[in-house]
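In what follows, a structure is listed as C-alpha cells, so that the remarks can point back to it.
In the working numbering, the protein residues as written are 284 to 373.
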C-alpha cells in the first residue's frame, strides 16, 4: 500500500499532538503532586532536577523524550510512596 505523503505527515502531526497533550498533562499532574508532597517529604526535592529536564524536553518539542523522562520520575515517586505511605496518591 502506498501512502500519500500528506497523509503520512498528517498522521505524524496527530501522533505528535497526542504525545504533546499526554506530556503536558503528566507534567502538570506531577508538579501539583510534588507541591502537595514536598512539605511531607522534603527529600523528594531530589526529583525536581529530573522534572526540570522533562520540562526542557517538552519546551524543545521532544515529547517522546519528555514522556520517557517522566516515566523515570513517576517511577521514583511511586517508590517514594511505598517508603512514605502518608504521601498523597499519584
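Glycine included, each C-beta is placed from N, C-alpha and C at the ideal position.
Next item on the list: Pull up the distance between the alpha-carbon of residue 347 and that of residue 302, whole angstroms please.
Entry: Locating residue 347 in the chain shown gives position 64, counting from the first residue. Locating residue 302 in the chain shown gives position 19, counting from the first residue. Cα to Cα, the separation comes out at about 7 Å.
Notebook entry, point to check: With distances taken between CB atoms, is the gap from residue 321 to residue 327 smaller than 7 Å?
Noted result: Start at 1 with the first residue of the chain shown, and residue 321 comes out as number 38. Start at 1 with the first residue of the chain shown, and residue 327 comes out as number 44. Going by C-beta atoms, residue 321 is nearer than 7 Å to residue 327.
Check: From residue 360 to residue 339, what distance separates their C-alpha atoms?
Finding: Within the chain shown, numbered from 1, the residue matching residue 360 stands at position 77. Within the chain shown, numbered from 1, the residue matching residue 339 stands at position 56. Answer to the nearest angstrom: the Cα atoms are 20 Å apart.
Margin query: What would DSSP say about residue 320, mapped onto helix, strand or coil?
Written below: In the chain shown, residue 320 corresponds to position 37, counting from 1. The answer is helix: DSSP assigns residue 320 an H, G or I state.
Notebook entry, point to check: Where does residue 335 sit, in a helix, a strand or coil, going by DSSP?
Noted result: Here residue 335 corresponds to residue number 52 of the chain shown, with the count starting at 1. Helix.
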